[in-house]
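One structure is given here, and the rest of the page talks about it.
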Amino acid sequence: MTLLSCEGISKSFLGVKALVDVSISVVEGETLGIIGPNGSGKTTFFNILSGLERADAGRILLKGRDITRTPPHRISAQGIVRTFQNLRLFGGMTALDNVICGGHKEAPTGFLGQIAQTARVRRAEAEGREHARACLADVGLGAYENAFTTQLSYGQTKRLELARALNGRPRILLLDEPTAGMNDVQAGEILELVAAMRQRHALTLIVIEHNVPVLARFADRIVVMDAGQKLVEGLPGDVVRDARVIEAYLGTGAA
Amino acid sequence: MVYYLEQLSNGLAIGSIYALIALGYSLVYSILNLINFAHGYVIMVGAFVALQLLALGVHPALAVLLACCSGALIAMLVERIAYRPVRHANRVIPMISALGAGLVLSAAAQLIWGPEVRSFPQLIPRFPVEIGGINLSSQSLVILAISVVLVVASSWFLHRTRFGLAAQCVRQDMVAAQLMGIPVNTVIVAIYALGGFLGVAGSILFAMYFNAVFIQMGLLATTKAWAAAMLGGIGSFQGAFWGGILLGLAETLAVITVGSAYRDGVSMAIIVGVLLLRPAGLFGTTIKERS
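Protein chains in written order, with our numbering: chain A, 398 to 652; chain B, 169 to 459.
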């Protein structure tokens with residue numbers, strides 16, 4: 398059943414058309430890969446999905462409910478959680494605190510409740526902390542909960558961002574280039590981890606990726622974007638052999 | 169020597185008042201990088217509200233609490249009307265809008281309460297307390313105690329609760345914070361409210377200490393608290409506290425050595441000196457206090 402559908406999304410920035418009438422939908426449990434050259438509108442699409450940018454036209458339905466104009470913190474609370482291409486972890490905090498922040502919306506505590514520190518608030522915060530610890534352990538960073546993000550390696554920060562997103566208890570996880578800056582071995586590891594998480598948390602995934610061979614093994618379906626438009630959509634095996642895709646990526650004549 | 173020690177408690181009392189007011193600046197600055205020029209006027213209005221409530225015969229404790237809440241409320245309104253619409257504009261613009269909000273508040277206060285200096289009821293009795301042969305003022309000691317309790321409580325709130333963690337996320341990366349499900353606007357409003365609440369507590373103590381409430385208190389408080397916040401390192405919670413205490417001590421020292429006419433000059437001299445010698449303030453630019 399369709400979990401998320403985007404219909405006719407368009408967005409332009411000062412006349413530059415970043416997205417033109419793009420329709421993409423995902424069904425529950427599916428992994429959708431999005432590939433496309435730089436500037437083809439992939440990240441803009443994520444920004445619109447997560448509410449950071451507002452589409453000029455089109456609408457987004459999450460389980461049939463219109464979320465086109467919902468503010469980002471509510472979208473996140475409804476289960477669409479994302480990671481960033483250039484990691485946006487909170488620098489001055491420990492790994493665990495970063496992950497705890499990811500679960501902010503789960504905290505059922507009002508302003509006054511926190512001042513009063515009622516038993517309910519304390520219990521909720523303790524549970525939130527445990528859940529965050531579990532997420533850290535899930536990505537293999539259990540031993541680093543007190544490390545500051547600056548003390549972690551690049552690969553570890555990628556994992557940390559994943560843990561932070563997982564602690565938001567996503568239904569749909571948007572991953573923006575999870576393997577950026579990694580060699581094929583590391584990329585394979587991180588996608589293996591994502592696949593394990595997909596299994597365990599019953600996630601629906603939308604993944605932006607440049608590493609096409611890696612993505613082809615991982616995704617159920619691939620959408621190719623070019624110049625703000627959806628160029629091709631199909632099964633990974635078909636997409637990587639499509640002449641238009643090869644042209645968009647490698648230029649005319651490469652095929 | 170005894171005289172100096174006696175004066176020390178006055179310096180600490182006035183310093184802790186400055187600290188309470190300075191926190192309002194530092195909290196807002198730490199999150200929005202905005203100098204909240206309206207803060208002084210917000211808390212001046214709060215002091216008048218306290219005076220008005222007392223004149224109406226409200227119980228002093230309740231009057232003070234309500235006045236502090238009114239400060240929180242006005243600060244929230246200022247945020248909504250004067251800051252939020254220009255939050256992402258060039259940083260000069262929110263500064264001008266802040267000054268404008270301050271002028272509106274001071275003109276409104278003048279319309280309602282008039283331009284005269286009013287005396288403020290001494291809610292905390294003033295009598296000498298002898299400790300180890302030194303006579304200290306009971307009022308100074310109580311002021312110091314109240315301020316320290318408020319500062320410790322807000323420090324705990326900002327550093328040890330879920331809200332505090334959310335506020336730190338907002339301070340570091342507003343966009344990422346939103347995507348964590350943190351309601352950024354709510355956090356910012358709450359920070360303003362907290363600053364307004366603490367600031368009015370400070371301005372009421374200020375009014376009591378100097379036995380005066382007046383419109384220009386807004387500007388005076390702005391200058392003093394800004395000097396304190398800068399001295400400690402603007403944006404830093406601890407910095408605002410220690411900056412306030414040091415400013416209070418420095419002023420008191422100036423008063424007893426060269427005369428009370430120099431009291432207000434000290435804060436100006438500190439602003440100039442800090443900007444020249446150590447622009448980041450004593451506590452540096454570090455905004456990470458939680459370990």
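Ideal Cβ placement from N, Cα and C applies to all residues, glycine included. These numbers come from a predicted model, not from an experiment.
Going by C-alpha positions, I512(A) is about 47 Å away from V419(A). Taking a contact to require three or more Cβ pairs closer than 8 Å, the stretch 433-446 of chain B and the stretch 367-385 of chain B do not qualify as touching. Residue nearest to Y430(B) within the set N379(B), G416(B) and V442(B) is G416(B) (criterion: CA-CA distance). Per DSSP, the unbroken alpha helix (DSSP H) holding K392(B) starts and ends at M385 to G400.
Residue F487(A) holds the alpha-carbon nearest to the alpha-carbon of A562(A) among E644(A), G585(A), F487(A) and D453(A). Within chain A, H470, S473, A474, H501, K502 and G565 have C-beta atoms less than 7 Å from the C-beta of G349(B), given in sequence order. Boundaries around P262(B) are those of the alpha helix (DSSP H), V260 to W281, since no beta strand (DSSP E) includes it. With a cut-off of 8 Å on Cβ pairs, the stretch 527-543 of chain A is in contact with the stretch 580-598 of chain A, counting three or more such pairs. Along the length of the stretch 440-527 of chain A, whole alpha helix (DSSP H) runs at least 4 residues long occupy 469-474, 492-499 and 508-513, reported in chain order. Looking at the backbone, the Cα of C337(B) and that of R479(A) are separated by about 16 Å. Residue contact check for A240(B) against chain A: no CB pair falls below 9 Å.
L411(A) is outside the set of residues whose beta carbon lies under 9 Å from a beta carbon in chain B. Residue contact with chain A for V210(B): absent (no Cβ-Cβ distance below 9 Å to any residue of chain A). For C337(B), at least one C-beta of chain A is nearer than 9 Å to its own C-beta. With fewer than 16 neighbouring CB atoms inside 10 Å of its own CB, W324(B) falls in the exposed class. Residue environment for S550(A): exposed (fewer than 16 other C-beta atoms within 10 angstroms of its C-beta). For V536(A), not one C-beta of chain B is nearer than 9 Å to its own C-beta. Going by DSSP, I185(B) is part of the alpha helix (DSSP H) stretching over V170 to L200. The C-beta of I497(A) comes closer than 9 Å to at least one C-beta of chain B. In the three-state reduction of the DSSP assignment, T399(A) falls in the strand class, which pools E and B.
In the structure shown, T601(A) falls within a strand segment according to DSSP collapsed to helix, strand and coil.
Three or more beta-carbon pairs separated by less than 8 Å link the stretch 309-319 of chain B to the stretch 360-379 of chain B, which places the two stretches in contact.
When secondary structure is reduced to three states using DSSP, N379(B) falls in the coil class, being assigned neither helix nor strand.
Judged by DSSP in its simplified three-state form, Q583(A) adopts helix. Secondary structure at R530(A): helix, using DSSP grouped into helix, strand and coil. At least one beta carbon of chain B lies nearer than 9 Å to the beta carbon of M490(A). About 5 Å separates the CB atoms of A215(B) and A375(B); that is less than 8 Å, so the two are in contact. Listed by position along chain B, the residues whose Cβ is nearer than 7 Å to that of D494(A) are L333. Per DSSP, the beta bridge partners of D623(A) are Q626(A). Between N204(B) and V196(B), the beta carbon gap of about 4 Å places them in contact (Cβ cut-off 8 Å).
For chain B, the residues of the stretch 421-451 of chain A that bring a beta carbon within less than 9 Å of one of its beta carbons are S447, G448 and L449, in chain order. When DSSP states are grouped into helix, strand and coil, A415(A) belongs to the strand group. The beta carbons of H470(A) and M348(B) sit closer together than 9 Å. Among the residues of the stretch 589-620 of chain A, none has a Cβ less than 7 Å away from any Cβ of chain B.
Non-local C-beta neighbours of I242(B) in its own chain, meaning closer than 8 Å and more than five positions away in sequence, comprise V210, V213, G214, L273 and G364, ordered along the chain. Contact of Q548(A) with chain B is not assigned, every C-beta pair being separated by 9 Å or more.
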